[in-house]
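Chemist:
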Amino acid sequence: MSLLIKHNCLLFLQNDKDEEDTISMTSLDPKTKEWVVKSAKCDYQALAKLASENPRIAKFKDPITSYTALHWAAKHGNMDLVKMLAGTYTANVNAKTNGGYTPCHLALQFGHEEIYKILVESYGADPNVRDYSGRKPRQYQTNQDTSLSADTYRRLLDAERTTPRECPLRKALRLRRGSPSGHRTF
1 MSLLIKHNCL LFLQNDKDEE DTISMTSLDP KTKEWVVKSA KCDYQALAKL ASENPRIAKF
61 KDPITSYTAL HWAAKHGNMD LVKMLAGTYT ANVNAKTNGG YTPCHLALQF GHEEIYKILV
121 ESYGADPNVR DYSGRKPRQY QTNQDTSLSA DTYRRLLDAE RTTPRECPLR KALRLRRGSP
181 SGHRTF
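Residue numbers for the sequence shown follow UniProt numbering, so the first one is 1 and each next one is one higher.
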């Protein structure tokens, strides 16, 4: 067994030949632990202080989730933190988590279009990177203009098919066309 320090982590290697397959993490130094916790909380002040003391820490990936501080900032929609990490400390804008998510994927999953835009337009994030389920970031985008979710719409359509009376969806669509009878007038 040998000892290795990698990314500020103390690691034990079971076999020197198969390093990548048999690494088990046993501990993080206190500053790295603090970085991981403060990243998840998007604590801008604490992260700015830690990064100024050790700029390399801004690129650190959580050994369990593979989230970077930039992933957390994108998920929470923290624009100031995104600018600091991607701009000042040049964090990898295309870094992937264990699920293959980039900061762009997380930004759109949580409805932060402005974070997605700045990552792509200002910091060069690739909008075509696919996660491990094969989806691009835009495929997670939620449409803020819809008043019904796809699931609710399907349920209303099913109710329309099974109910002999006029269902609310059909009535709403008929009224939207412009006439109470549903017939178009010219």
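Each residue gets a CB set at the ideal place from its N, CA and C atoms; glycine is no exception.
As the structure is a computational prediction, the values presented were derived from the model and not from experiment.
#1: Between which two residues does the alpha helix (DSSP H) containing Ile-118 stretch?
#2: Using 8 Å for Cβ pairs, my map puts Gly-140 next to His-105. What's the rounded Cβ distance?
#3: Cα separation between Ile-115 and Asn-98?
#4: Leaving out the 5 sequence neighbours to the left and right, which residues in its chain are closer than 6 Å to Lys-17 when beta-carbon positions are compared?
#5: So the candidates are Leu-81, Leu-28, Lys-75, Ile-64; which of them puts its Cα closest to the Cα of Ala-58?
#6: Let me check understanding here. Comparing Cα to Cα, which of Gln-45, Val-129, Ser-133, Glu-121 lies closest to Asn-78?
#7: Nearest CA to the CA of Tyr-89: which residue from His-71, Ser-52, Lys-41?
#8: I need the straight-line Cα distance from residue 188 to Thr-142, nearest angstrom please.
#9: With respect to the alpha helix (DSSP H) encompassing Gln-109, which residues constitute its N-terminal and C-terminal limits?
#10: Could you have a look at Ser-27 and say whether DSSP puts it in helix, strand or coil?
#11: Assuming Val-129 contacts Thr-102 (C-beta within less than 8 Å), just tell me the rounded distance between them.
#12: If the criterion is Cβ atoms closer than 7 Å, does the pair Gly-87 and Tyr-132 meet it?
#13: Report the three-state DSSP secondary structure of Lys-61 (helix, strand or coil).
#14: Just checking my contact of His-71 with Cys-42 at CB under 8 Å: how many whole Å lie between their CB atoms?
#15: Taking the straight line between their C-alpha atoms, what separation do you get for Arg-154 and Leu-85?
Modeler: According to the data block:
#1: 113-121
#2: Note that residue 140 corresponds to Tyr in the displayed sequence, not to Gly. Yes, they are in contact, since the Cβ atoms of Tyr-140 and His-105 sit about 6 Å apart, within 8 Å.
#3: 21 Å
#4: In this prediction, Lys-17 has a pLDDT of 41, which is less than 50 and means its spatial position is unreliable; nothing more can be read from the coordinates.
#5: The candidate whose alpha carbon is nearest that of Ala-58 is Leu-81.
#6: Minimum Cα-Cα distance from Asn-78 among the listed residues Gln-45, Val-129, Ser-133, Glu-121 corresponds to Gln-45.
#7: If we check each option's Cα against that of Tyr-89, Ser-52 comes out closest.
#8: With the chain running from 1 to 186 in the structure shown, residue 188 is simply not present.
#9: 103-109
#10: Strand, per DSSP.
#11: Contact flag correct, Cβ pair sits at about 5 Å.
#12: no
#13: coil
#14: His-71 to Cys-42, Cβ: 11 Å. No contact.
#15: 42 Å
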